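Note sheet for the following structure.
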Amino acid sequence: MIEALLEQQEPLVEVHDLHVQFGAQKVLRGINLTIPAGQTLVLLGESGCGKTVLMKSIIGLVQPTRGQVIFDHEDLATLAEREINYLRLRYGFVFQNAALFDSMTVGQNVAFPLRQQGRFSDNQVYEMVLSRLSEVGLPDSVVHKKPAELSGGMRKRVGLARALIMNPEMIMYDEPTTGLDPIMSDVINELIIRTRRRNPVTSVVVTHDMNTAKKVADRIVMLMPLPRLGEQESQIIFDGTPEELVNCRDRRVQQFINGEAGERLMELRATGV
Amino acid sequence: MDQVCRWGELVIDSITAVGDFTLFMIRTLRWLLTRLPRGETLWPNFYEVGVKSLPVVALTGTFIGMVLAVQSYFQFRQLGLETRLGGVINMTLVRELGPVLAATMLAGRVGSAMAAELGTMRVTEQIDALSAMGANPVHYLVVPRFLACLFLIPTLTIMADFMGVAGGHFYSVYILEIDIHHYWHNSKIFVSQFDLFVGLFKSIFFGSAIAMVSCYQGFNCTAGAEGVGRASTSAFVHSFVMILIIDLSLGIVLDWVYFLMYPEGVGLL
């Protein structure tokens, strides 16, 4: 099914032999990935495996140590700062803790990308902000509130409204359901699905929540932390559909899906904990 | 051998940090010259640095002037030169203590706050969010703070000087009962326009250094509450060290310039 999708769609993002290292710590090694336009890709894996770093590399927030990231036929490494800033207007990014600006109101936060463009009048901006907030199920009354006055779920929805305001071609969600209760998590999952239904948008979702992965994904890519891999092993241990993931026979994949500690318990015993 | 490795590592880290700081300054200056920030980002920073620092700077200036009067009076009286206090207090104030202590106060009040704010923004991914939305964080966050410090720290120094002069006058004339005519006559003889220029010229560099060091520390903040705390402390300590280095360097250079311009010089005694 994935092969069929790849054949049909023009790739929007291509990652070739990506390596990322922070000081002595290697985070990503030899990642190759192609994301076709319109696909919802879920990056799955345990904490610290490099999912967020891979996603940030795709929009140039993290500089690769080696390798290439191509967005819509443009190699990010060859672009000037101004060109990258312009290119980023085609992305929307929902951060793990929403990353709303504390000093601004909700309305100013959502309007920020529009103000950066400077193409819209105050009335237009206000209308667009209200429309986006209502799409994510927030009332008009939140416009003048500060982010600190909102609950975690509301902050995530404001973050989503801000990411959607420019009608991006690609949306990145960094752990969208982390820290939320199961009901609010499902609301966020539903919003991701509805956003995609409403706009022909390509999505990358970083999560370790299996419910989110099964519900929103067209395709799942699973990463493994480098310290748990041999020198020659690929960091991507699974690439397929949600159905294929459930039926995958790889012990590491099954362990993750079923939430089993497995040999980690042996590690705890070995250290005497 | 381990010791040698550690020293080597320290040297490499120091050189890297200096290079990184230099690149950060170049990026700030490039944005400053290519596109000025919008008023909505500029005015809140001007208000924060200028208006909110005014009371503390005025208070510092007043007390410096009075302390100088207290400390110098007894030595000068023994020599029978107490009427020269005006010259000593006002010259020390406008040339040295006013700018340096005002800058130190501002490094603590403004610099630490900037580092803590930007550090928190770094830790909570707000700086990444700016980049992700096509806004350059240096242009949006650093340039307005740099401009606020560049323009307002010299202005606040004028305020500190003025209040220091007033404080010195109050203590000398009303408490120590020095003759007001001789106090101001000596001040007029010994304090030149060049001394005023020296103090203000130095404060421009102090302001720039506080802004650059504090923003750099905030931008390079490590994760967690400890990282933000460390960035805030480092911002003050590094700004203070920079203020002292700049003070000494500019003091030497400006003295040299003074003696070139006025070869005969002016002595206090």
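Note that the protein sequences, when read in sequence, are chains V and Z.
For the first sequence, our numbering assigns the number 124 to the initial residue and increments by one for each residue that follows.
For the second sequence, our numbering assigns the number 9 to the initial residue and increments by one for each residue that follows.
Every residue, glycine too, gets a C-beta built ideally from N, C-alpha and C.
The structure presented is a predicted model; accordingly, all values stated were derived computationally and were not measured.
Item to complete: List the residues of chain Z whose Cβ lies closer than 7 Å to the Cβ of Asn208 (chain V), in chain order.
Response: By one-based count along the first sequence, residue 208 (chain V) stands at place 85. Neighbours of Asn208 (chain V) on chain Z, chain order: Gly142 and Asn144.
Discussion item. Please identify the residue among V:Gln219, V:Phe194 and V:Arg238 whose C-alpha is closest to the C-alpha of His331 (chain V).
Written reply: Numbered from 1 along the first sequence, position 208 holds the residue referred to as residue 331 (chain V). When only C-alpha atoms are compared, the closest one is V:Gln219.
Practice prompt. Whole angstroms is fine: what's the gap from Gly146 (chain V)'s alpha carbon to Asp21 (chain Z)'s?
Written response: As a working note, residue 146 (chain V) is residue 23 in the first sequence. As a working note, residue 21 (chain Z) is residue 13 in the second sequence. Distance between the alpha carbons of Gly146 (chain V) and Asp21 (chain Z): 11 Å.
Item to complete: Whole angstroms is fine: what's the gap from Leu37 (chain Z)'s alpha carbon to Cys371 (chain V)'s?
Response: Residue mapping note: residue 37 (chain Z) aligns to position 29 of the second sequence, counting from 1. Residue mapping note: residue 371 (chain V) aligns to position 248 of the first sequence, counting from 1. Rounded to whole angstroms, Leu37 (chain Z) to Cys371 (chain V) spans 55 Å at the Cα level.
Worksheet item: If you draw a straight line from the alpha carbon of Gly259 (chain Z) to that of Val199 (chain Z), how long is it in whole angstroms?
Response: Counted from its first residue, the second sequence places residue 259 (chain Z) at position 251. Counted from its first residue, the second sequence places residue 199 (chain Z) at position 191. Going by the C-alpha atoms only, they are around 16 Å apart.
Worksheet item: Since Leu208 (chain Z) contacts Ile161 (chain Z) with CB under 8 Å, what's their CB separation in whole angstroms?
Response: As a first step, residue 208 (chain Z) is located in the second sequence; it is residue number 200 there, counting from the start. As a first step, residue 161 (chain Z) is located in the second sequence; it is residue number 153 there, counting from the start. Not a contact, Cβ separation roughly 10 Å.
Worksheet entry | Thr330 (chain V) - containing beta strand (DSSP E), residue span | As a working note, residue 330 (chain V) is residue 207 in the first sequence. Taken as a continuous stretch (DSSP letters only), the beta strand (DSSP E) holding Thr330 (chain V) covers Thr325 to Thr330.
Worksheet item: Ordered along the chain, which non-local residues of its own chain (more than five positions away) have a Cβ less than 8 Å from that of Glu56 (chain Z)?
Response: For this step, residue 56 (chain Z) is matched to residue 48 along the second sequence. Only Val118, Ala121 and Ala156 meet the Cβ criterion.
Worksheet entry | Assigned secondary structure, Leu129 (chain V) (DSSP; H/G/I helix, E/B strand, else coil) | Residue 129 (chain V) sits at position 6 when you count from the first residue of the first sequence. Its pLDDT being 47, under 50, Leu129 (chain V) is placed unreliably in this model, and the value from its coordinates should be taken loosely. Three-state DSSP puts Leu129 (chain V) in a helix.
Discussion item. If you reduce the DSSP assignment to three classes, tell me which class Phe145 (chain V) lands in.
Written reply: Residue mapping note: residue 145 (chain V) aligns to position 22 of the first sequence, counting from 1. Phe145 (chain V): strand per DSSP, three-state reduction.
Worksheet entry | Length of the line joining the Cα atoms of Asp263 (chain Z) and Met74 (chain Z) | In the second sequence, the residue the question calls residue 263 (chain Z) occupies position 255. In the second sequence, the residue the question calls residue 74 (chain Z) occupies position 66. Their Cα atoms are separated by approximately 26 Å.
Worksheet item: What's the gap between the Cα of Ile254 (chain Z) and the Cα of Val173 (chain Z)?
Response: For the purposes of this step, residue 254 (chain Z) is taken as the residue at position 246 of the second sequence. For the purposes of this step, residue 173 (chain Z) is taken as the residue at position 165 of the second sequence. Near 24 Å, if we compare the C-alpha coordinates of Val173 (chain Z) and Ile254 (chain Z).
Item to complete: Ignore the nearest five residues each way along the sequence and tell me which others in Ser240 (chain Z)'s own chain have a CB closer than 6 Å to its CB.
Response: Residue 240 (chain Z) sits at position 232 when you count from the first residue of the second sequence. Excluding positions up to five away in sequence, the list reads Ser120, Ala123 and Ala124.
Practice prompt. Find the residues of chain Z that neighbour Pro299 (chain V), judging by a C-beta separation of less than 9 Å, and give them in chain order.
Written response: Against the first sequence, residue 299 (chain V) aligns to sequence position 176. Residues of chain Z passing the Cβ test: none, with the nearest at roughly 14 Å.
Worksheet item: What does a CB cutoff of less than 8 Å around Glu126 (chain V) pick up in its chain, not counting 5 residues either side in sequence?
Response: In the first sequence, residue 126 (chain V) corresponds to position 3, counting from 1. Per-residue confidence for Glu126 (chain V) stands at a pLDDT of 48, beneath the threshold of 50, marking its modelled position as unreliable; no derived number is given.
Worksheet item: In chain order, what residues of the same chain have a beta carbon less than 7 Å from the beta carbon of Val181 (chain Z), not counting five sequence neighbours either side?
Response: As a first step, residue 181 (chain Z) is located in the second sequence; it is residue number 173 there, counting from the start. So the list reads Ile188 and Tyr191, once near-sequence residues are dropped.
Fill in: Contacts of Tyr214 (chain V) in chain A (Cβ-Cβ under 7 Å)
Protein chains in the displayed structure are V and Z, and chain A is not among them.
Worksheet entry | Contacts of Ala222 (chain V) in chain Z (Cβ-Cβ under 8 Å) | Mapped onto the first sequence, residue 222 (chain V) falls at position 99. Per Cβ cutoff of 8 Å: Thr132, Glu133, Gln134, Asp136 and Ala137.
Worksheet item: Taking DSSP as the reference, what is the three-state secondary structure of Phe218 (chain V)?
Response: As a position in the first sequence, residue 218 (chain V) is number 95, starting the count at 1. Coil at Phe218 (chain V), not helix or strand.
Discussion item. Please identify the residue among V:Arg374, V:Ser170 and V:Val248 whose C-alpha is closest to the C-alpha of Gln231 (chain V).
Written reply: On the first sequence, position 108 is the one that residue 231 (chain V) refers to. Among V:Arg374, V:Ser170 and V:Val248, the Cα nearest to that of Gln231 (chain V) belongs to V:Val248.
Discussion item. In this structure, how does DSSP classify Thr163 (chain V) when only helix, strand and coil are distinguished?
Written reply: Position 40 of the first sequence holds residue 163 (chain V). Reduced to three states, the DSSP call for Thr163 (chain V) is strand.
Worksheet item: Any C-beta of chain V sitting closer than 8 Å to the C-beta of Leu277 (chain Z)?
Response: Against the second sequence, residue 277 (chain Z) aligns to sequence position 269. Residue confidence for Leu277 (chain Z) is low, a pLDDT of 44 falling below 50, so the modelled location carries little weight; the figure read from the coordinates is stated next. So, not an interface residue.
Discussion item. If we require 3 or more residues per run, which beta strand (DSSP E) segments fall completely within the segment 329 to 381 of chain V?
Written reply: 342 to 346 and 359 to 363
Discussion item. Please list, in chain order, the chain Z residues whose beta carbon lies closer than 9 Å to that of Pro236 (chain V).
Written reply: Within the first sequence, the letter at position 113 stands for residue 236 (chain V). Per Cβ cutoff of 9 Å: Met141, Gly142 and Ala143.
Practice prompt. Can you grab the Cα-Cα spacing for the pair Glu17 (chain Z) / Asp10 (chain Z), in whole Å?
Written response: Position 9 of the second sequence, counted from the start, is the residue given in the question as residue 17 (chain Z). Position 2 of the second sequence, counted from the start, is the residue given in the question as residue 10 (chain Z). The alpha-carbon atoms of Glu17 (chain Z) and Asp10 (chain Z) are separated by roughly 10 Å.
Worksheet item: Per DSSP, what kind of secondary structure is His267 (chain V) in: helix, strand or coil?
Response: In the first sequence, residue 267 (chain V) corresponds to position 144, counting from 1. Helix.
Worksheet item: Beta-carbon of Leu303 (chain V) versus every beta-carbon of chain Z: anything under 8 Å?
Response: In the first sequence, residue 303 (chain V) corresponds to position 180, counting from 1. No, Leu303 (chain V) lies away from the interface with chain Z (no Cβ there is under 8 Å from its Cβ).
Practice prompt. Please name the residue, chosen from V:Asp362, V:Glu137 and V:Lys174, that lies closest to Pro348 (chain V) on a Cα-to-Cα basis.
Written response: For this step, residue 348 (chain V) is matched to residue 225 along the first sequence. Comparing Cα positions, the closest option is V:Lys174.
Discussion item. For Val131 (chain Z), report the span of its alpha helix (DSSP H) as first-last.
Written reply: Position 123 of the second sequence, counted from the first residue, corresponds to residue 131 (chain Z). First-last of the alpha helix (DSSP H) with Val131 (chain Z): Ser120 to Val131.
Worksheet item: Rounded to a whole number of angstroms, what is the C-alpha to C-alpha distance between Arg417 (chain V) and Gly353 (chain V)?
Response: The requested residue 417 (chain V) does not occur in the structure, where chain V is confined to residues 124 to 396.
Worksheet item: For a contact meaning CB atoms closer than 8 Å, what does Gln239 (chain V) contact in chain Z?
Response: Within the first sequence, numbered from 1, the residue matching residue 239 (chain V) stands at position 116. Residues of chain Z passing the Cβ test: Met141, Gly142 and Ala143.
Worksheet item: With 8 Å set as the bound, which would you pick, yes or no: does the beta-carbon of Phe218 (chain V) sit closer than that to a beta-carbon of chain Z?
Response: Taking the first residue of the first sequence as position 1, residue 218 (chain V) is located at position 95. Phe218 (chain V) counts as touching chain Z.
Worksheet item: Do three or more CB pairs link the segment 251 to 260 of chain V to the segment 276 to 287 of chain V at distances below 8 Å?
Response: yes
Worksheet entry | Proximal chain Z residues relative to Arg211 (chain V), where beta-carbon distance stays under 8 Å | Here residue 211 (chain V) corresponds to residue number 88 of the first sequence, with the count starting at 1. What Arg211 (chain V) touches in chain Z: Ser139, Ala140, Met141 and Gly142.
Worksheet item: When you compare only the Cα positions, how much space is there between Val299 (chain Z) and Lys338 (chain V)?
Response: What is shown of chain Z runs 9 to 277, which leaves residue 299 (chain Z) out entirely.
Fill in: Bridge partners - His139 (chain V), DSSP secondary structure assignment
For this step, residue 139 (chain V) is matched to residue 16 along the first sequence. Paired residue(s): V:Gln191.
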